[in-house]
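Visitor:
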Amino acid sequence: MDKRVANAKAACEGIESNMTLMLGGFGLCGIPENCITELVKKNVNGLTCISNNAGVDEFGLGLLLQKKQIKKMISSYVGENDEFERQMLSGELEVDLIPQGSLAARCYAGGAGMPAFFTPAGFGTEVGEGKEVRWFNGKPHLLESALTADFAIVKAWKGDRFGNLIYKGTARNFNPMMAMAGRITIAEVEELVEPGELDPNFIHTPGIFVQRIFQGKDYEKRIEQRTIRQRES
Amino acid sequence: MDKRVANAKAACEGIESNMTLMLGGFGLCGIPENCITELVKKNVNGLTCISNNAGVDEFGLGLLLQKKQIKKMISSYVGENDEFERQMLSGELEVDLIPQGSLAARCYAGGAGMPAFFTPAGFGTEVGEGKEVRWFNGKPHLLESALTADFAIVKAWKGDRFGNLIYKGTARNFNPMMAMAGRITIAEVEELVEPGELDPNFIHTPGIFVQRIFQGKDYEKRIEQRTIRQRES
Amino acid sequence: MLSKDQIAQRIAQELQNNWYVNLGIGIPTLIANHVPTDVNVVFQSENGILGMGPFPFEGEEDADLINAGKQTITAMPGAVIFDSATSFAMIRGQHINLTVLGAMEVSDQGDIANWKIPGRMVKGMGGAMDLVASAENIIVAMMHSNKRGQSKLLRQCSLPLTGVKCVKKVVTNLAVLDITDKGFKLLERAPGVTVEEIEKATAGRLIVEGDIPEMEL
Amino acid sequence: MLSKDQIAQRIAQELQNNWYVNLGIGIPTLIANHVPTDVNVVFQSENGILGMGPFPFEGEEDADLINAGKQTITAMPGAVIFDSATSFAMIRGQHINLTVLGAMEVSDQGDIANWKIPGRMVKGMGGAMDLVASAENIIVAMMHSNKRGQSKLLRQCSLPLTGVKCVKKVVTNLAVLDITDKGFKLLERAPGVTVEEIEKATAGRLIVEGDIPEMEL
Numbered sequence: 001m002d003k004r005v006a007n008a009k010a011a012c013e014g015i016e017s018n019m020t021l022m023l024g025g026f027g028l029c030g031i032p033e034n035c036i037t038e039l040v041k042k043n044v045n046g047l048t049c050i051s052n053n054a055g056v057d058e059f060g061l062g063l064l065l066q067k068k069q070i071k072k073m074i075s076s077y078v079g080e081n082d083e084f085e086r087q088m089l090s091g092e093l094e095v096d097l098i099p100q101g102s103l104a105a106r107c108y109a110g111g112a113g114m115p116a117f118f119t120p121a122g123f124g125t126e127v128g129e130g131k132e133v134r135w136f137n138g139k140p141h142l143l144e145s146a147l148t149a150d151f152a153i154v155k156a157w158k159g160d161r162f163g164n165l166i167y168k169g170t171a172r173n174f175n176p177m178m179a180m181a182g183r184i185t186i187a188e189v190e191e192l193v194e195p196g197e198l199d200p201n202f203i204h205t206p207g208i209f210v211q212r213i214f215q216g217k218d219y220e221k222r223i224e225q226r227t228i229r230q231r232e233s
Numbered sequence: 234m235d236k237r238v239a240n241a242k243a244a245c246e247g248i249e250s251n252m253t254l255m256l257g258g259f260g261l262c263g264i265p266e267n268c269i270t271e272l273v274k275k276n277v278n279g280l281t282c283i284s285n286n287a288g289v290d291e292f293g294l295g296l297l298l299q300k301k302q303i304k305k306m307i308s309s310y311v312g313e314n315d316e317f318e319r320q321m322l323s324g325e326l327e328v329d330l331i332p333q334g335s336l337a338a339r340c341y342a343g344g345a346g347m348p349a350f351f352t353p354a355g356f357g358t359e360v361g362e363g364k365e366v367r368w369f370n371g372k373p374h375l376l377e378s379a380l381t382a383d384f385a386i387v388k389a390w391k392g393d394r395f396g397n398l399i400y401k402g403t404a405r406n407f408n409p410m411m412a413m414a415g416r417i418t419i420a421e422v423e424e425l426v427e428p429g430e431l432d433p434n435f436i437h438t439p440g441i442f443v444q445r446i447f448q449g450k451d452y453e454k455r456i457e458q459r460t461i462r463q464r465e466s
Numbered sequence: 467m468l469s470k471d472q473i474a475q476r477i478a479q480e481l482q483n484n485w486y487v488n489l490g491i492g493i494p495t496l497i498a499n500h501v502p503t504d505v506n507v508v509f510q511s512e513n514g515i516l517g518m519g520p521f522p523f524e525g526e527e528d529a530d531l532i533n534a535g536k537q538t539i540t541a542m543p544g545a546v547i548f549d550s551a552t553s554f555a556m557i558r559g560q561h562i563n564l565t566v567l568g569a570m571e572v573s574d575q576g577d578i579a580n581w582k583i584p585g586r587m588v589k590g591m592g593g594a595m596d597l598v599a600s601a602e603n604i605i606v607a608m609m610h611s612n613k614r615g616q617s618k619l620l621r622q623c624s625l626p627l628t629g630v631k632c633v634k635k636v637v638t639n640l641a642v643l644d645i646t647d648k649g650f651k652l653l654e655r656a657p658g659v660t661v662e663e664i665e666k667a668t669a670g671r672l673i674v675e676g677d678i679p680e681m682e683l
Numbered sequence: 684m685l686s687k688d689q690i691a692q693r694i695a696q697e698l699q700n701n702w703y704v705n706l707g708i709g710i711p712t713l714i715a716n717h718v719p720t721d722v723n724v725v726f727q728s729e730n731g732i733l734g735m736g737p738f739p740f741e742g743e744e745d746a747d748l749i750n751a752g753k754q755t756i757t758a759m760p761g762a763v764i765f766d767s768a769t770s771f772a773m774i775r776g777q778h779i780n781l782t783v784l785g786a787m788e789v790s791d792q793g794d795i796a797n798w799k800i801p802g803r804m805v806k807g808m809g810g811a812m813d814l815v816a817s818a819e820n821i822i823v824a825m826m827h828s829n830k831r832g833q834s835k836l837l838r839q840c841s842l843p844l845t846g847v848k849c850v851k852k853v854v855t856n857l858a859v860l861d862i863t864d865k866g867f868k869l870l871e872r873a874p875g876v877t878v879e880e881i882e883k884a885t886a887g888r889l890i891v892e893g894d895i896p897e898m899e900l
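Protein chains in written order, with my numbering: chain A, 1 to 233; chain B, 234 to 466; chain C, 467 to 683; chain D, 684 to 900.
#1: Inspect the beta-carbon positions of Lys155/A and Ile166/A and report whether they are closer than 8 Å.
#2: Whose CA, out of Val878/D, Val722/D, Ile690/D, lies closest to the CA of Asn700/D?
#3: Assuming Val763/D and Leu733/D are in contact, meaning their beta carbons sit under 8 Å apart, how far apart are those beta carbons, in whole angstroms?
#4: Going by the CB atoms, is the gap between Met808/D and Ser51/A shorter than 8 Å?
#5: For a test of the three-state rule: what should DSSP assign to Pro543/C, helix, strand or coil?
#6: Does the distance from the C-beta atom of Ser767/D to that of Asn730/D stay below 8 Å?
#7: Could you pull out every residue in the same chain whose Cβ sits closer than 8 Å to the Cβ of Ile436/B, ignoring the five residues on either side in sequence?
#8: Can you tell me whether Gly25/A is buried or exposed, with buried defined as 16 or more other CB within 10 angstroms of its CB?
#9: Taking beta-carbon pairs under 8 Å, can you tell me which members of the stretch 92–108 of chain A lie near chain C?
#10: So Thr755/D and Glu744/D are supposed to be a Cβ contact under 8 Å. How far apart are they, rounded?
#11: What runs of the alpha helix (DSSP H), each 4 residues or longer, lie entirely inside the stretch 796–882 of chain D?
#12: Between the alpha carbons of Asn286/B and Leu653/C, how many angstroms are there, rounded?
#13: In angstroms with no decimal places, state the Cα-to-Cα distance between Glu188/A and Ala746/D.
#14: Where does His437/B fall in DSSP's three states?
#15: Chain D beta carbons: is any one of them nearer than 8 Å to that of Asn173/A?
#16: Tell me which residues share the same chain as Glu316/B and place their Cβ nearer than 8 Å to its Cβ, disregarding the 5 neighbours each side in the sequence.
#17: Would you grab the beta carbon distance between Ile714/D and Ile694/D for me? Rounded to a whole angstrom, and I think it's under 8 Å.
#18: What residues are listed by DSSP as bridge partners for Pro140/A?
#19: Using a Cβ-Cβ cut-off of less than 7 Å, give me the residues of the stretch 135–167 of chain A that come near chain C, in sequence order.
#20: Let me see if you follow: with CB-CB separation under 8 Å, is Gly402/B close to chain A or not?
#21: According to DSSP, simplified to helix, strand and coil, what is Val718/D?
#22: Please determine if the stretch 630–647 of chain C and the stretch 603–616 of chain C are in contact, where contact requires at least 3 C-beta pairs separated by less than 8 Å.
#23: Hey, Pro332/B and Val360/B: beta-carbon distance below 8 Å or not?
#24: Closer than 8 Å is the cut-off here; do at least three beta carbon pairs connect the stretch 41–49 of chain A with the stretch 11–26 of chain A?
#25: Between the Cα of Phe117/A and the Cα atoms of Thr281/B, Ala342/B, Phe356/B, Ala354/B, which residue gives the shortest distance?
#26: Report the three-state DSSP secondary structure of Asn34/A (helix, strand or coil).
#27: At the level of alpha carbons, what is the spacing between Gly846/D and Ala811/D?
#28: Which one of Met114/A, Cys107/A, Thr227/A, Phe123/A has the shortest CA to CA distance from Leu23/A?
#29: Note down the Cα distance separating Pro543/C from Ile303/B, rounded to an integer number of angstroms.
#30: State the start and end residues of the unbroken alpha helix (DSSP H) segment that holds Ala258/A.
#31: Using only alpha-carbon positions, find the residue among Lys68/A, Lys168/A, Ser102/A, Leu142/A that is nearest to Met88/A.
#32: Using the beta-carbon count (16 or more within 10 Å), is Asp791/D buried or exposed?
#33: May I have the straight-line CA-CA distance separating Ile417/B from Ala772/D, to the nearest angstrom?
#34: Identify which residue in Ser323/B, Trp368/B, Thr381/B has its Cα closest to the Cα of Ala345/B.
#35: Hey, how far is the Cα of Arg888/D from the Cα of Val850/D?
#36: Pro115/A touches chain B at which residues, Cβ-Cβ below 7 Å?
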């Protein structure tokens, strides 16, 4: 079993305009930088992107926004992005805002073959409008549906040719659920290792969820809010 | 934060007759041996036990069955147990058989605050009788509800006083979901380690799900089906 | 007429490269011994392992490493361990390419019964209901008739169902059959078995079109 | 009248030993600086960490270790990293003991609005809707009035809601208030603030019973 492809170009083969993509990451942490660059080059457009955030103006999904390749964003939080704001206010960009936990659960459900589930988040708010409500344990819940995507694109720390992945720190975030929910899942990793090097007991994403894998390069890993404390002298 | 208790006796404090317990393990693999022994000693009865299996005659939950401490089993498979069979056929023991994947998902849902979800397993069978059916993607699904328990009792390989746990091999099985779904979760571990010894990146059960932890002793780890192959000479 | 091992051998011919495969208890387990050398498959066991290897050598059994049949196993390089929820996420989410399981009865619409006999001790469905309800590609491996000589390929199952309209193919000691809208379609005969014998042994609707080749093992 | 930091300081007094706590962006974040030395709490950040520590020293920032505010952080000994689904399983499953978040408006029934102002750019609710819908113990940390001097403690929220009937307590620059069936119940006054000033600044129903003590910081 060998799911390796040469690079981002080969990995993104078959991604076409008007497709739905899931992209892992929280803010700029754990985003698939190589594939995003490739999508810009590839110049596909009309994309529906499911991603917790939409990058910043000059980085991450912001790069696709600048080239107007995205038709619709499905996210929980989309601040820190002027071009996003401009396109949204002008009506060029559709935006579907989803509570973060529901977004995570909907991706998980998509990957796990659970077409719908009840969750309390959003009851009594705009998010609940038009959704089925049911009471459990004395509390109202909304029926939420599973999300899937034509391609899921995730970024991991290490992976092997079977597609087994491990993530580092909070760069994990949405990547594991999105890996499950892609009809085709592409994993870019900082380091490709030999099968058996990853301890079977400690793999975050089993390879069965991944169809293509490659070792990315030139990771910038931009920090959005560099916060530090002073050393006591 | 220190969730350590001295032993199984202290860990099982508060478990009373007629309570609902979840017990981790698949067959005899990954079962909380120390707590089961303690429950036998404690002589609580009328228990509802949620566990994938019911042990064998002389080991695991079979020990509780022999002393007629269990009123009801919620399981996916209960073979290999003569006393179980006798009690079930005589009507002394209630048995609720649930598809294994639904059992796992219902425990997960209980721990994750999702009161109900749709799953395809069991449609058109006895399992589906009386349950709400809804079609998604051209396929019928059943609405299944979350499971929780007064106490969840899990067995892990290593743990720290925060309740962080890692499991070994397929002894993991139902333990992580049950740990999430207990109102009080007890973890017995083969080895208690200092906080920080478990790599934060590779913890299977975050300590937030665990209320009590202790280092168990004298693990027998009985093998149910010892299968081997011959060495080529 | 095929032995159980030969049924497994025939099903092994269906395996395709890079497939993830879940094998049930009984005849399906034997398939692992017949994987063609040029085909690379990964076996999943629903208690929580992907990349299940052969049984361990004596003295190397690990109580913490078993399969869904509770047998001691080994893990192949590149194996992964996971919990039961993740395991059934794979199954329910249709990430498994092939599921092979045994059955007591199969109907000509693809219904399957393999977990319960009224009046007898019911052991439970284990993971079978999840597997059959979710898998897109299900092969049943079983004897064509039961011990009393009655056909197990029926118009309607008489036993409580495990799943409805889910089985795609049946391989028995007598034949290979696809399940179609119009019933069992005979694809291959076991060596030495005639179409007439198969017709006689099949209670459900049987479609026989053209020459039915003998299977090659 | 309290500074924002003093609001955080007052809320820190509510912390109990061994609690798991989720702190929102803004004033709530400051609470971490005021945890009493004899109280041991673990901070969760919903992007996937339990046991969040202070900001890193300069040069030790790790792009792969941030909090939900996208700030670089550190991990305490015994910390755990997990994915977003697990993180919200903790939240939805009510495993978090205390959630503190900011608000634009709170109603006297415990409704909260903190994510959207019609006509302005909407950034999204992030994890706030999951947190307020699930948490059993929610404290809102905010200024008593907005920048135009209007009360943020209302009979009904005028802005789009984040959650309904969920807030249990409000700590502002003027007061500590519980939310009861009959409205905001005044518990404590900020140093130097009179009950009359609080009454004037509160648009929702306010219950004042007996002597209202001045808070101790």
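Glycine included, every Cβ here is placed at the ideal spot set by N, Cα and C.
Since this is a predicted model, take the numbers as computed values, not measurements.
Guide: In brief:
#1: no
#2: Considering only alpha carbons, the answer is Val722/D.
#3: 5 Å
#4: no
#5: strand
#6: It is a contact, given that the beta carbons lie within the stated cut-off.
#7: Same-chain partners within the cutoff: Asn397, Leu398, Ile399.
#8: With 16 or more Cβ atoms within 10 Å of its Cβ, Gly25/A is classed as buried.
#9: Tyr108
#10: 4 Å
#11: Correct list: 811–817.
#12: 39 Å
#13: When rounded, the distance between both Cα atoms is 17 Å.
#14: DSSP, read as helix, strand or coil, puts His437/B in coil.
#15: yes
#16: Asp290, Gly295, Leu298, Gln299
#17: 5 Å
#18: Trp135/A.
#19: Asp160, Phe162, Asn164
#20: Yes, contact with chain A.
#21: coil
#22: yes
#23: yes
#24: yes
#25: Ala342/B
#26: Reduced to three states, the DSSP call for Asn34/A is helix.
#27: Gly846/D and Ala811/D have their C-alpha atoms spaced approximately 9 Å apart.
#28: Cys107/A
#29: So the alpha carbons of these two residues sit roughly 42 Å apart.
#30: This structure does not reach residue 258/A, given that chain A is present from 1 up to 233, and the question cannot be answered.
#31: For Met88/A, the nearest C-alpha among the options comes from Lys68/A.
#32: Classification of Asp791/D: buried, given that the 10 Å Cβ count is 16 or more.
#33: 16 Å
#34: Taking only the C-alpha atoms, the option nearest Ala345/B is Thr381/B.
#35: Going by C-alpha positions, Arg888/D is about 15 Å away from Val850/D.
#36: Phe351, Phe369, Asn370, His374
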